[in-house]
Every structure is written in structure tokens, then in C-alpha cells.
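Line by line, the protein sequences give chains A and B. So that you can map any letter, position 78 of the first sequence is 77 in numbering that gives the first Met the number 0, and since no number is skipped, the others follow by simple counting. So that you can map any letter, position 281 of the second sequence is 280 in numbering that gives the first Met the number 0, and since no number is skipped, the others follow by simple counting. Comments concern the structure below.
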Amino acid sequence: MNHSILSGRSISKYFGGLQALSMVDFDVENGIIFSIIGPNGAGKTTLFNLISGFDRNYEGEVIFEDEVISHIPPHTITIKGVARTFQNVRLFKNLTVLENVAVGCHGWVSPRYTRAIFGLRTSRREERSIEGFAREMLAYVGLEGKDNDEVESLALGEQKLLEIARALAAKPRLLLLDEPGAGLNDREMDNLQEIIFKTKEQKITQIVVEHNMKLIMSISDQIMVLNFGTKIAEGDPQNILNNEKVIEVYLGKEKDLA
Amino acid sequence: MHSKHAILVIIVAAVVGFPLVFPESYWLTVLIYVGIYGLIVVGYDLLLGYCGQISLGHNGLFAIGAYATAIATTWFGWVSLLAIAGGIFITCLIAYIVGIPTLRLRGYYLAIATMGFGFIVEALIRTQYFGGSSGISGIPPLSILGYSFDSDRSYYYLVWTVVFLSVIVCLRIGETALGRSMKAVHTDEEAAASMGINVAKTKMQAFVFSAALAAIAGSLYAHYGTVINPNSFNIMLSVKLLLMLFLGGAGSIYGGLIGAFILFSLPEFLGHLERLELALEGLAFMIILIFLPGGLVGGLNKLLKLR
């Protein structure tokens, strides 16, 4: 009954002679937490870059809410309802914490020169509504009171949360989280998990790329496993944990590390 | 006005008060030129200080504004306001066309490409079609609705009114969503795009907007001097814009006014050391960039803890 919010059809991507993704198909049901796991270099971030429009030079199709978005530039994809975070935190260091989140509102505000120049009242109202919403998003991830701090004064864990707040400020219906747990301590990890669940309750679909299996197993409704650009398994967490192929190429190795 | 703009308030007070105290001063002329070049820097700050896009072709845009107004009033007898509007229009149009291919470039590639544009304009205005090296003379004084701004004092107030209006407009652009999106583009274009910001459009708007202010400045320049020639529009002008901006403080909008003031008043104080002008400016530039990356406004604000 739940129909899919995002689908990939026969997606292939080459970097020179290297095949980063090979005929990958997937469907993400509306409202779920969909995780993508796999060894480094499996093509996870590449897939994120294709979905968010950063890389439009690939074969196959990405379909968001029944519309092919494969050749649409990234800002338009965001405006259509897909927001993302980055594996290596990419905040705007020349803006304050609150301003970073305010930038996230850009898509639905679409500010104009004429309004800034002539519409004193409208632009004030616009600023107030942006500020209000940005504060709300900061509180949502637990960063209230840090409004005027400099981004670089935040701990890494807080910076990751700020990225999530910034992405949520775009009012997305699909949120792409690229390794949100990397570099977080246990307490921050619990906090992150709570935010992800809270976001699910908001009916925002989430696709998560992550290495931390504990987090993946507790949050995911559906997991897709990539290895060398090929989908080798897909299913619910139990299903994936018991999949021999997955154990062989990915989980086994993780267990050795543990 | 917020307390963080205390420096701006001081500038306004000084500018408004100066002719009242020294009505016949030779400095009125100097300050008119400070205002004209300051006006370019105000727009330039949105492009470079906020949006992070360098242009070394603003001498070309300034020239187009000046020549368009000069030609329209002197050769075709247009009224001032119409000529200025025409100058703004054609400058913005050319900036837009030039911006399409060049604004895709980044960093020093952008600097070199825009510099190329500046050279083209300079070469064109040196041709006989635009008056050759002697330029265009006999430009009538600026008059609006029958009132002629033919005295230094009236022109001074006209120029600075335009400057301060532009400062207010740029501050409003800079301190609202548009300014934030420019700063976002400045730091990380991909991250900005993922926030729904149209990066190409943001750069283009800042470029065309700064071109409009350069065109207004060009018109004011042409009307004031009554003569214009190509020597006023060479690459040194763009270099000096950079100097003014960083001297005053990039990203502050009005910092460039202080930078322009210093650059224009410096020769007046140098006397027989005039030949060292460029050397001193270069030295000032280096010192500012090394010790005061926020420029004089940034340094003063830090000193006064305004921000």
C-alpha cells in the first residue's frame, strides 16, 4: 500500500574505466528508514551524489515521487523535497550556527532582490519566519542556545547535528544522511538515533549510509548492501544479518574488527 | 540603525557635515570622487566580499556606464536621467552576457577572464568610434527635472545621497537571505546547491547588481568631469577597487568607502613624495591583508567590540 518515494532504475556509473555502480535497482517506500551498507568504495556516496543531482552523468534513472530527476540540477532537486548531509561535514564556516540553518530555508523562501530592496515589511516578515523556523530546527537536534556561535567552535558531533538541522530546514520529504554516526561518541550516537526516529515520526523518509552496524540494525526498516557497485542483498535487518553473502563480504570483516 | 553599524553612522555624519564646515574646500572635489569610486566598491563588495567572486573587469563596466551616459547626452541630447537609465541597462546587459561563460570559472581563472573583458572594453573605447584617446568632451552637467547640479556642493550631496542609498540597499541584501546564500556560495558551492540555492543565478545576480552600481558611478563620473577619456578606465582601476575593498574591509559593504577615502586622500598628503603613491598603496595593501584581514572596519569593530 505504501508506494515508493524514491526509486533507482538500472543505475550504472563509471569513473573512467572503473565501474562505481552497476545496474543498481532499488525502491524506497514512503516513510521508512532505508539504509545502504557495504565496504568502503562500494558506491554508497556515489549513489547519494547521483540522487541529489551533484553528478548527473550516469546511466539509468532516479525517480522521486513519480518524476524522473536524473537530469535536474541539485538546487532544484532540493526544492522538490530531497535534502542531504555530507560524509565530511560541509558547513558554511563564514556563517553562524543559526545562519547555517537559515540557509537551509532558502528553497522554500526563494528570496528576491526586489523584495530585499523595496519590500521592507515583507522582507522583515520573511526574515522573522526564517529565523523562527531555523531556531525550531536547532532545538529539534538539541543545539538550542548556540545560535550565534561560530561553526568551528562546535564539537564534531554537534557539527553533524547542525548539518541535519540545516538539511531539515529545507523541509524535505526525503532526507539523505551520509554517515551521520561517523566520529560520534556513545552519548551522541544515542542522541542521533533519537533524532532519526523523531524524524521518521514526522513522516520524512530517510536514506542512511552508515558503517556503525549497531545503529543500522536498530534504525533500519530496509537495508540494501552494495559491494563493488553491485547490489548483493536487500531486506530487513534480520534478513541481512543472516545473509551469507553479506557476512562474507562485509559483516564478517566487521566482526573480525570487533 | 543597529549599534553594529556605528562606523557607518560616523561616516554619514562626517560626509553630511563636511561641506557645512568647509563650504569652499578643495576637498569637496576629492570627496566627490571618493563617493563615485566608493559607489563601485559598495556593489563590488556584494560580489567579492559576500559571493566570493572576483572581477578584474569592473573598470570595463564603469567605462560602459560612463561612455553610455556621455554619448547619450552629448551626441544624442538625451536628458540626464534617461541617459543614466540607458547606461545602467546596457551595462547590466553586457555584464549578463559576459557573466554567462565567465562566472562558471573559479578563482584566478575568473580573475583572468574578467580582466580580459576589461581589456576589450578599454581597447574599444580607444577606437575613433568612441572618441579615441581624447575621449568625449562637452558632457553637460547633470540635471534632474530642471534642476542642474552644476556646483560642487550640490553634486557632492547628490553623489553621497546615491552612495548611502546604495549602502542601505546592499546592507539589506547582505543581511537577509540573499546575503546568506551569497556567503554560502562563497564557502562551498555544492553544499549551497544542496540547500536549494541556484549557484549560477546567485553569482549572476551579484555580478549584474554590482555592474548596475558601477554604471551609476560611471554616469556620475562622466557628468562631473564633463570630459572622459580611456585613461580613467584601465586595469589599474580594478586593482584599486580591490585595494579599497580590502583596505576598508570586505564583507562590510561600507568599508570600501573608507578604503576609497584613504586611497584618494593619500596623494594629497604626499606632496613631493607623490611618486611613491603606488609603493605606499601596495605596502598598505600587504600590511592590511597580513594583519587586518577584516580591513579597517573589521579591525575597528573588533576594537570596539561591536560584533
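Beta carbons are placed, not taken as given, at the ideal position from N, Cα and C, and that holds for glycine.
Problem - Residues near LYS43(A) in its chain [Cβ-Cβ closer than 7 Å; skip 5 each side] - result: The sequence position of residue 43(A) within the first sequence is 44, counting from 1. Correct list, in chain order: ILE35, GLY37, VAL208 and LEU225.
Exercise for the section: Answer yes or no: does any C-beta atom of chain A fall closer than 8 Å to that of ASP44(B)? Expected result: Position 45 of the second sequence holds residue 44(B). Taking Cβ atoms only, chain A never reaches closer than 8 Å to ASP44(B), which makes this a no.
Exercise for the section: Kindly indicate which residue of ILE6(B), LEU45(B) and LEU102(B) has the alpha-carbon position closest to the one of THR175(B). Expected result: Sequence index remark: in the second sequence, residue 175(B) carries index 176 (1-based). Of the listed residues, the one whose Cα sits closest to THR175(B) is LEU45(B).
Exercise for the section: Taking only beta-carbon positions, decide if GLY64(B) is within less than 8 Å of chain A. Expected result: Translated into positions along the second sequence, residue 64(B) becomes position 65. No, because no Cβ of chain A sits closer than 8 Å to the Cβ of GLY64(B).
Practice task
Please list, in chain order, all residues of the same chain as ALA221(B) whose beta carbon is under 6 Å from its beta carbon, the five residues on each side excluded.
Solution key: Within the second sequence, residue 221(B) is the residue found at index 222, counting from 1. ALA65, THR68, ALA69, ILE138 and ILE227.
Exercise for the section: Work out the CA separation of PHE14(A) and SER21(A) for me, nearest whole Å. Expected result: Locating residue 21(A) in the first sequence gives position 22, where the first residue counts as 1. Locating residue 14(A) in the first sequence gives position 15, where the first residue counts as 1. Distance between the alpha carbons of SER21(A) and PHE14(A): 12 Å.
Problem - THR204(A) burial status per 10 Å Cβ neighbour count (16 or more: buried) - result: Residue numbering aside, residue 204(A) sits at position 205 when the first sequence is read from its first letter. When all chains shown are included, THR204(A) counts as buried.
Exercise for the section: Look at the alpha carbon of GLU149(A) and the alpha carbon of GLY103(A), and state the distance between them as a whole number of angstroms. Expected result: Translated into positions along the first sequence, residue 149(A) becomes position 150. Translated into positions along the first sequence, residue 103(A) becomes position 104. Those two C-alpha atoms are separated by around 17 Å.
Practice task
Evaluate contact between the region 23–33 of chain B and the region 165–182 of chain B, counting only Cβ atoms and requiring at least three cross-stretch pairs below 8 Å.
Solution key: no
Problem - Local conformation of PHE53(A) per DSSP, three classes - result: Residue numbering aside, residue 53(A) sits at position 54 when the first sequence is read from its first letter. PHE53(A): coil per DSSP, three-state reduction.
Problem - Whether SER11(A) touches TYR57(A) by CB criterion (8 Å) - result: One-based indexing of the first sequence puts residue 11(A) at position 12. One-based indexing of the first sequence puts residue 57(A) at position 58. In contact: SER11(A) and TYR57(A) (Cβ atoms closer than 8 Å).
Exercise for the section: For PRO179(A), go through chain B and note every residue whose CB falls closer than 9 Å to its CB, in chain order. Expected result: Indexing the first sequence from 1 puts residue 179(A) at position 180. In chain order: nothing, as chain B lies at least about 15 Å away.
Problem - Spatial distance of LYS230(A) from ALA82(A) (CA atoms) - result: As a position in the first sequence, residue 230(A) is number 231, starting the count at 1. As a position in the first sequence, residue 82(A) is number 83, starting the count at 1. Cα-Cα distance, rounded: 24 Å.
Exercise for the section: Assign PHE63(B) to one of two classes, buried (16 or more other C-beta atoms within 10 Å of its C-beta) or exposed (fewer than that). Expected result: Looking up residue 63(B) in the second sequence gives position 64. As written in the sequence, residue 63(B) is Ile, which differs from the Phe given in the question. ILE63(B) comes out buried.
Problem - Run of the alpha helix (DSSP H) containing ASN58(B), from where it starts to where it stops - result: As a first step, residue 58(B) must be located in the second sequence, where it is residue number 59. From DSSP, the alpha helix (DSSP H) with ASN58(B) extends over 57–73.
Problem - DSSP-derived helix/strand/coil call for LYS244(A) - result: Counted from its first residue, the first sequence places residue 244(A) at position 245. In the structure shown, LYS244(A) sits in a helix (DSSP, three-state: H, G or I).
Problem - Nearest-angstrom Cα separation, counted from LEU212(B) out to SER147(B) - result: As a working note, residue 147(B) is residue 148 in the second sequence. As a working note, residue 212(B) is residue 213 in the second sequence. When rounded, the distance between both Cα atoms is 22 Å.
Practice task
Could you tell me whether the Cβ of ARG8(A) comes closer than 8 Å to any Cβ of chain B?
Solution key: As a working mapping, residue 8(A) is identified with position 9 in the first sequence. No, ARG8(A) lies away from the interface with chain B (no Cβ there is under 8 Å from its Cβ).
Exercise for the section: Classify THR175(B) as helix, strand or coil using the three-state DSSP reduction. Expected result: Position 176 of the second sequence, counting from 1, holds the residue named residue 175(B). It is coil, neither helix nor strand.
Problem - Closer than 8 Å to chain A by CB, HIS4(B) - result: For this step, residue 4(B) is matched to residue 5 along the second sequence. Not one chain A Cβ lies under 8 Å of HIS4(B).
Practice task
Measure the alpha-carbon distance for GLN18(A) versus THR45(A) and round it to whole angstroms.
Solution key: Within the first sequence, the letter at position 19 stands for residue 18(A). Within the first sequence, the letter at position 46 stands for residue 45(A). When rounded, the distance between both Cα atoms is 11 Å.
Handout entry: Closest Cα partner of ARG105(B) within the set LEU80(B), LYS202(B) and SER132(B)
Key = For the purposes of this step, residue 105(B) is taken as the residue at position 106 of the second sequence. When only C-alpha atoms are compared, the closest one is LYS202(B).
Problem - DSSP bridge partner residues for ILE10(A) (one or two, in chain order) - result: Counting from one through the first sequence, the residue named residue 10(A) turns up at place 11. Answer is VAL23(A).
Exercise for the section: Under 8 Å by Cβ, that's how I've got SER69(A) and GLU60(A) pegged, so tell me the actual separation to the nearest angstrom. Expected result: The residue you call residue 69(A) lines up with position 70 of the first sequence. The residue you call residue 60(A) lines up with position 61 of the first sequence. Contact flag correct, Cβ pair sits at about 5 Å.
Problem - DSSP three-state assignment for GLU149(A), whether helix, strand or coil - result: What you label residue 149(A) is simply residue 150 of the first sequence in a count that begins at 1. Looking at GLU149(A) - three-state DSSP - the assignment turns out to be strand.
Practice task
Could you tell me which residues DSSP puts in a beta bridge with GLU233(A)?
Solution key: Against the first sequence, residue 233(A) aligns to sequence position 234. BP columns for GLU233(A) point to MET223(A).
Exercise for the section: Kindly provide the ranges of any alpha helix (DSSP H) runs that are 4 or more residues long and lie completely inside the region 73–153 of chain B, ordered along the chain. Expected result: 79–101 and 106–124
Practice task
Would you decide whether MET0(B) is buried or exposed? Buried here means 16 or more other CB atoms lie within 10 Å of its CB.
Solution key: Stepping through the second sequence from its first residue, residue 0(B) is reached at position 1. Its pLDDT being 43, under 50, MET0(B) is placed unreliably by the model, and the measurement read from it follows with that caveat. When all chains shown are included, MET0(B) counts as exposed.
Practice task
Indicate whether the contact test is met: 3 or more Cβ pairs, each with one atom in the region 280–297 of chain B and one in the region 245–253 of chain B, closer than 8 Å.
Solution key: yes
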